[in-house]
Amino acid sequence: MIHNYHRFDCIVVGAGGAGMMAALETSRRVGTAVVSKLYPTRSHTGAAQGGIAAALANLEDDTWENHAYDTIKGGDFLVDQGPAEVLCREAVECIIELEHMGLPFDRTAAGRISQRRFGGHTKPNPDYDPNAAPGTPNARPRVPVMRSCHSADRTGHMILQTLYQQCIKQGVTFFDEFQMMDLIMVEGECRGIVAIEIATGQLHVFHAKSVVLATGGFGRIWKVSSNAYALTGDGPAIGYRRGLPLEDMEFYQFHPTGIYRLGILLSEACRGDGGVMFNDKGERFMEVYAPNLKDLASRDVCSRSIYQEVRAGRGVGGKDYVYLDIRAETINKYGTSPTGEKVDSHWVEKRLPDIIEFARTYLGIDPIKEPMPIQPTAHYAMGGMPTDIDGRVLANESGAIVNGLYAAGETACVSVHGANRLGTNSLVDLIVFGRRSGRHAARHAMEASFQPVPPKPETAAKAEIEGLLSRPRKEPWAKIRDEMQRVMMDDCGVYRSAEGLERARQTIADLRARFRDLGVQDKGTVFNTGLLEVIELGNLLDLAEATVASAQARTESRGGHAREDFPNRDDANFTKHSFVYRQGEGSTRIAYKDVDTIYIEKDGQRVPKYPLEVRKY
Amino acid sequence: MAATDTQKRKLTVKVHRYDPERDQAPHWETYQVEAEGHDRVLDVIQNIKWYQDESLTLRRSCAHGVCGSDAMRINGVNALACKILIKNLRSDTLTVEPILGLPVIKDLVVDMKPFFDHYKSVMPYLVNDEPAPTTERLQSPEERARFDDTTKCILCACCTTSCPPFWGDRKYVGPAAIVNAHRFIFDSRDRAAAERLEILNDAEGVWRCRTVFNCTNACPRDIPVTQAIQEVKRAMLTGDVGVEEEEGAVALTA
Chain A
3 MIHNYHRFDC IVVGAGGAGM MAALETSRRV GTAVVSKLYP TRSHTGAAQG
53 GIAAALANLE DDTWENHAYD TIKGGDFLVD QGPAEVLCRE AVECIIELEH
103 MGLPFDRTAA GRISQRRFGG HTKPNPDYDP NAAPGTPNAR PRVPVMRSCH
153 SADRTGHMIL QTLYQQCIKQ GVTFFDEFQM MDLIMVEGEC RGIVAIEIAT
203 GQLHVFHAKS VVLATGGFGR IWKVSSNAYA LTGDGPAIGY RRGLPLEDME
253 FYQFHPTGIY RLGILLSEAC RGDGGVMFND KGERFMEVYA PNLKDLASRD
303 VCSRSIYQEV RAGRGVGGKD YVYLDIRAET INKYGTSPTG EKVDSHWVEK
353 RLPDIIEFAR TYLGIDPIKE PMPIQPTAHY AMGGMPTDID GRVLANESGA
403 IVNGLYAAGE TACVSVHGAN RLGTNSLVDL IVFGRRSGRH AARHAMEASF
453 QPVPPKPETA AKAEIEGLLS RPRKEPWAKI RDEMQRVMMD DCGVYRSAEG
503 LERARQTIAD LRARFRDLGV QDKGTVFNTG LLEVIELGNL LDLAEATVAS
553 AQARTESRGG HAREDFPNRD DANFTKHSFV YRQGEGSTRI AYKDVDTIYI
603 EKDGQRVPKY PLEVRKY
Chain B
18 MAATDTQKRK LTVKVHRYDP ERDQAPHWET YQVEAEGHDR VLDVIQNIKW
68 YQDESLTLRR SCAHGVCGSD AMRINGVNAL ACKILIKNLR SDTLTVEPIL
118 GLPVIKDLVV DMKPFFDHYK SVMPYLVNDE PAPTTERLQS PEERARFDDT
168 TKCILCACCT TSCPPFWGDR KYVGPAAIVN AHRFIFDSRD RAAAERLEIL
218 NDAEGVWRCR TVFNCTNACP RDIPVTQAIQ EVKRAMLTGD VGVEEEEGAV
268 ALTA
């Protein structure tokens, strides 16, 4: 047996919002350790800005059913409806739980949690009149609602800090700076993980009854990305290599307002609080693409609109960006403040302090006085490892469970985001389903007994590392990464086509071949981050392969997957989730699973609770 | 965007290096690079790592100043490498060293354990054992504002490792730990202020602070660190942790 052997009832991999939420649940009941390649407070949950939605109705009428409808519509009817209702119902109690943990939400005058508007979050318009003249306020069937609970524009930071604080209070065990290398799978069930201790280069075996994967997203596949360098999809990639499927990988969200060139996120709260996007001619172009919600349409719609403007030559200075304007005079001119009342610069600074600081630091622009150049940035994976509502990972499209294996947060696909995630719902997802995963993982660990791990579970990871250390460098690995990011941005980004996707498939296959010959220059064992970056690149390449294969197979446009050659949604053939499997080297297989639909009795008839509709904002 | 943003600049980058497996002692290594004005110091270091010398070692993650991984000494001053732009450098020589006062593991990577141990020692979590209501605990905007500054801390260690008293005495809890104690001491929902003040009422607690202000200057989140420390000292002397009386301010909790 390996020297570094650990045994815990439950192992949580990743220490962002989902991982720590799960760990708080499991560690109350069973022996738990969190294994994370970063110090917990470095996790990218901390970069989330504008808020976390829950129908608290602190500032205006709202219901969790409104939230569920928005989630399902926002996901372009690919959302599993039962899970979406769980998400929106439990969001309310989860927010209260976070507040009781000490999360410092902003407050209303009455001392309640403050809420703000966000893209795609609506409620029925009480004054709706189907006969009203188009464009008038009463013609809008739904109107924006203040649902996003916030702490200025650093809500994710507060969630991450609060959960870490609670983990300290509860005495949760952490293995900081341990990077997962492999899952220990025996007879189709998970019995632990193998990880490398970054400080020493040694491999460790973590034997467990329950393993919760919460490794975050993989937005580093694309060139312009809001994602941290660490977001390399380690959990999904390892699962995929181990024969597990990935669900809905073709659905990737590009956030409309990334800082030009850098991709750093400028929160949707900018528009929720009244910010407006303009093209080179100073036109508020969202009036054309989303006449009702305009700049508060959902993210996929806004990102495509920006691309259309740029293609029509209306990008600023003919370039590939547009402006986001949060100046008080602009908000007042268009009457877009949340209450419709006039605001001043002081109000904007108080609502969006970090956004303003990012612009000052990275653009040298003061957004109180000038608009900010923005472009869509790769932001969030709707897809991931398929799970049920208790976080249990599915082995196939028929719903078979992988015993002992859980996934939560961006790593997982429940699926509550469908084809396009609503703003703030990522935070809701990781709290609600992090908690549910933790509860089920604890229950499983209490009922199950430790099953033996094979004699040398670290063999595959050891061979991978030894191969990289023994081969000559040949070429900088970063060149392979750069080429991957470029082809994914050009051919598998906001818009896709059969021709571009085939080019992407071929390029990724070629890059994977070059990757197999790579060696690393630094042959040391202590903190060999060069070695780790190459291993992470391998994960990204695998996920790029899965993304392109899924995108090729879906010959329709829906949510975050826009095919230029198939511009319409094809409900008859594609109201279903994709499951992609690796079939040996360089070959993939796609299967499909029906969307979970809720039916109700209406006038003696069984009808869908959320009938399909053309998605317009 | 301004011309300076895309203007190429030739830089001499001096990096303080130490690999425990190869080096007897730390040494300087120099690289010649070309960078654009809007590049971050982090971009420069990573480009060296990716294309010149893969063994150069650092921590980084978010690359925009919110995760706190890449604190280092840049031209002698603590900062996050992702928040310093090349166009803002005064000289064409860029010097990069690990932060001081924590053991160096390799190159720019230090052992953060002592830092986090100090942080954990001040009870950095909400304590309130009273039965919670079914909704949120109420807190007025004024009560919430009382500790707003200190909620911004990202635990990057820029403050603590710029503090001369900490360099001289590593048992001193340091500015970051006090900032995080402040965040709870002045939170109207918390009930453990007295215990935290007791922990910090010590020669290795707030009284080690000599108001050098390095911490305040180093903080990448613009937290008035020295002021927060002074407020904790004052609370220790007066026992008062409430909202300062202001007209219109309403306390919603007892």
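First to last, the protein sequences are chains A and B.
Residue numbers for the first sequence follow my numbering, so the first one is 3 and each next one is one higher.
Residue numbers for the second sequence follow my numbering, so the first one is 18 and each next one is one higher.
For every residue, glycine included, the Cβ atom is placed at its ideal position computed from N, Cα and C.
Keep in mind it's a predicted model, so treat the numbers as computed, not measured.
Can you find a CB in chain B that lies within less than 7 Å of the CB of residue i?
i: A:ILE328; result: no
i: A:LYS171; result: yes
i: A:GLN51; result: no
i: A:TYR231; result: yes
i: A:ARG301; result: no
i: A:GLN377; result: no
i: A:ILE115; result: yes
i: A:ILE266; result: yes
i: A:GLN167; result: yes
i: A:ILE98; result: yes
i: A:PRO613; result: no
i: A:GLU101; result: yes
i: A:ARG498; result: no
i: A:PRO569; result: no
Quick check: is the beta carbon of residue i nearer than 7 Å to any beta carbon in chain A?
i: B:LEU59; result: no
i: B:ALA162; result: no
i: B:HIS199; result: no
i: B:THR74; result: yes
i: B:LYS25; result: no
i: B:TYR48; result: no
i: B:ILE143; result: The sequence given here places Leu at residue 143 of chain B; Ile does not occur at that position. Yes, B:LEU143 counts as interfacial toward chain A.
i: B:VAL32; result: no
i: B:GLN156; result: yes
i: B:ALA149; result: yes
i: B:VAL126; result: yes
i: B:ILE1; result: Summary: the structure shown does not reach residue 1 of chain B, with chain B confined to residues 18 through 271, and so no result is reported for it.
i: B:SER205; result: no
i: B:THR168; result: yes
i: B:ALA271; result: The pLDDT assigned to B:ALA271 is 36, lower than 50, so where the model puts this residue is not dependable; a value taken from the coordinates is nonetheless given after this. Not an interface residue.
Leaving aside the five residues before and after residue i along the sequence, list all residues of the same chain whose C-beta is less than 7 Å from its C-beta, in chain order.
i: B:GLU212; result: MET140
i: A:GLU311; result: ASN281, PHE287, GLY317, VAL324
i: A:PHE623; result: Shown here, chain A extends from 3 to 619; a query on residue 623 of chain A therefore has no answer.
i: B:ILE101; result: ARG57, VAL58, ILE91
Once you ignore the five residues that flank residue i on each side, which residues in its own chain have a CB closer than 6 Å to its CB?
i: B:VAL32; result: GLU46, VAL113
i: A:THR577; result: VAL597
i: A:GLY33; result: PHE10, ASP11
i: A:ALA574; result: none
i: A:ARG423; result: GLN255, TYR382, MET384
i: A:ARG514; result: LEU543
Please list the partners that residue i has in chain A, where partner means a Cβ-to-Cβ separation under 8 Å.
i: B:ASP36; result: GLY526, VAL528
i: B:TYR189; result: Result: empty, since nearest Cβ-Cβ is about 20 Å, beyond 8 Å.
i: B:ILE171; result: THR43, GLY48, HIS159
i: B:GLU248; result: Correct list: empty, because the minimum Cβ distance to chain A is about 17 Å.
i: B:SER86; result: LEU40, TYR41, ARG44
i: B:VAL83; result: GLY48, ALA49, ARG156, HIS159, ASP356
Which partner residues does residue i have in the DSSP bridge list?
i: A:PRO388; result: A:CYS415
i: A:ILE195; result: A:LEU185, A:PHE208
i: A:CYS12; result: A:THR34, A:SER212
i: B:MET89; result: B:ALA96
i: A:TYR583; result: A:ARG591
i: A:SER2; result: Since the first and last residues shown for chain A are 3 and 619, residue 2 of chain A lies out of range.
What in chain B is Cβ-close to residue i, meaning under 7 Å?
i: A:ALA480; result: TRP67, TYR68
i: A:VAL522; result: GLU71
i: A:PHE360; result: HIS81
Below 7 Å on C-beta distance, what does residue i contact in chain A?
i: B:ALA252; result: Simply none; closest approach about 19 Å.
i: B:THR243; result: Simply none; closest approach about 20 Å.
i: B:MET129; result: TYR41
How would you list, in chain order, the residues of chain A whose beta-carbon sits under 9 Å from the beta-carbon of residue i?
i: B:ARG213; result: Ordered by position in chain A, no residue passes the 9 Å Cβ test against B:ARG213, which lies about 13 Å from the chain.
i: B:SER138; result: The premise fails here: B:SER138 is roughly 10 Å from chain A at the closest Cβ pair, so nothing lies under 9 Å.
What does a CB cutoff of less than 8 Å around residue i pick up in its chain, not counting 5 residues either side in sequence?
i: B:GLU221; result: ASP186, LYS188, TYR189, VAL190
So within the region 75 to 125 of chain A, which uninterrupted alpha helix (DSSP H) runs reach at least 4 residues, ignoring any that extend past its ends?
83 to 103
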